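Chains as they are written, first to last, in this note's numbering: chain A, 91 to 228; chain B, 35 to 190.
Beta carbons: idealized from backbone N, C-alpha and C, even for Gly.
Since we're looking at a predicted model, the values are computed, not measured.
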């Protein structure tokens with residue numbers, strides 16, 4: 091279960107950020123922002139390691155003391171970032187991958203909405219519900 | 035695609051609708067409207083199609099995806115010939131373009147054929163733009179039903 095989910099556009103501005111209700115949400119915003127650098131690094135360094143070349147899932151970007159950050163980049167250069175608590179050891183890699191797959195599916199469905207323009211902030215209710223389903227419930 | 039006929043008929047009607055306008059300004063904008071329609075469809079189509087694909091290595095990889103997967107999904111066949119000068123110009127040749135097969139062969143409808151190529155040009159431009167490549171796409175017909183799409187990559 092994620093603590094924060096973010097969708098970032100090709101030009102590195104956020105299309106959608108959702109965090110659990112905490113006092114300082116800005117902390118999560120900051121974490122996501124700094125993770126973008128790691129994402130860029132992973133994409134550009136991918137040329138050296140051909141095994142990773144073909145993957146959309148980037149894996150664990152970096153661990154902080156409280157949180158772990160995972161990344162995923164689509165072919166259209168839209169980035170998904172998921173932050174989970176470090177104390178949550180139950181979550182395995184496969185589950186994170188399936189979370190990203192669900193996010194990607196929801197994003198594609200939302201993008202195909204004829205009333206959605208490329209680059210707008212995401213305000214779709216059904217997309218919000220999919221994200222709700224993968225956030226920590228309190 | 036669910037059924038080829040559906041898209042072909044709808045496309046023919048859209049072209050006819052866009053051009054059947056009495057206002058002079060609308061007439062000039064018809065091709066631009068069709069191209070914009072194709073652009074938006076191309077963006078969405080590519081978003082859906084690249085969901086399962088692995089990451090593209092470079093520009094040529096992206097072009098090959100357009101020629102093979104995108105063309106197969108929309109027109110049920112692949113591009114017959116892809117040429118490039120390796121400096122940002124690609125020429126895609128289709129010897130039997132789906133949207134032109136219903137028009138008769140020969141010289142009579144060569145000028146009107148361009149109306150049917152506005153939407154496909156937009157489709158390619160939209161697809162490329164969502165994959166991160168800005169381009170200008172033009173089409174030409176010399177003999178029906180073969181046509182050539184010329185893609186010029188704008189490098190900023």
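| Asked | Found |
| --- | --- |
| For residue 125 of chain A versus residue 171 of chain A, is the C-beta spacing smaller than 8 Å? | yes |
| Who are the Cβ neighbours of residue 137 of chain B in its own chain at under 8 Å, not counting the five residues just before and after it? | 143, 146, 147, 150, 178, 179 |
| Could you pull the DSSP bridge partners for residue 52 of chain A from this structure? | The first residue shown for chain A is 91 and the last is 228, placing residue 52 of chain A beyond what the model contains. |
| Please specify which runs of the alpha helix (DSSP H), each continuous and at least 4 residues long, are wholly inside the stretch 98-186 of chain B, giving them in chain order. | 105-109, 144-164 |
| Please state whether the Cβ-Cβ distance between residue 107 of chain A and residue 169 of chain A is less than 8 Å. | no |
| Could you work out which residue in B:82, B:164, B:71, B:153 is closest to residue 132 of chain B when comparing CA atoms only? | B:153 |
| Between which two residues does the beta strand (DSSP E) harbouring residue 190 of chain A extend? | Taken as a continuous stretch (DSSP letters only), residue 190 of chain A belongs to no beta strand (DSSP E), being part of the alpha helix (DSSP H) at 183-201. |
| Residues of chain A with a CB under 8 Å from the CB of residue 164 of chain B: which are they? | 166, 208 |
| Could you tell me whether the stretch 108-118 of chain B touches the stretch 189-196 of chain A, using the rule of 3 or more Cβ pairs below 8 Å? | no |
| Can you name, in chain order, every residue of its own chain whose Cβ lies under 6 Å from the Cβ of residue 94 of chain A, other than the five neighbours on each side? | 109, 118, 173 |
| Label residue 103 of chain A either buried or exposed according to how many other C-beta atoms from any shown protein chain fall within 10 Å of its C-beta, with 16 as the threshold for buried. | exposed |
| If you draw a straight line from the C-alpha of residue 183 of chain A to the C-alpha of residue 100 of chain B, how long is it? | 32 Å |
| Whose C-alpha, out of A:208, A:181, A:223, is nearest the C-alpha of residue 215 of chain A? | A:223 |
| Check the C-beta distance from residue 202 of chain A over to residue 78 of chain B and give it rounded, since I have them as a contact under 8 Å. | 5 Å |
| Quick one: grab the DSSP three-state call for residue 175 of chain A. | strand |
| Consult DSSP for residue 39 of chain B and reduce its assignment to one of helix, strand or coil. | helix |
| DSSP state of residue 109 of chain A, grouped into three classes? | strand |
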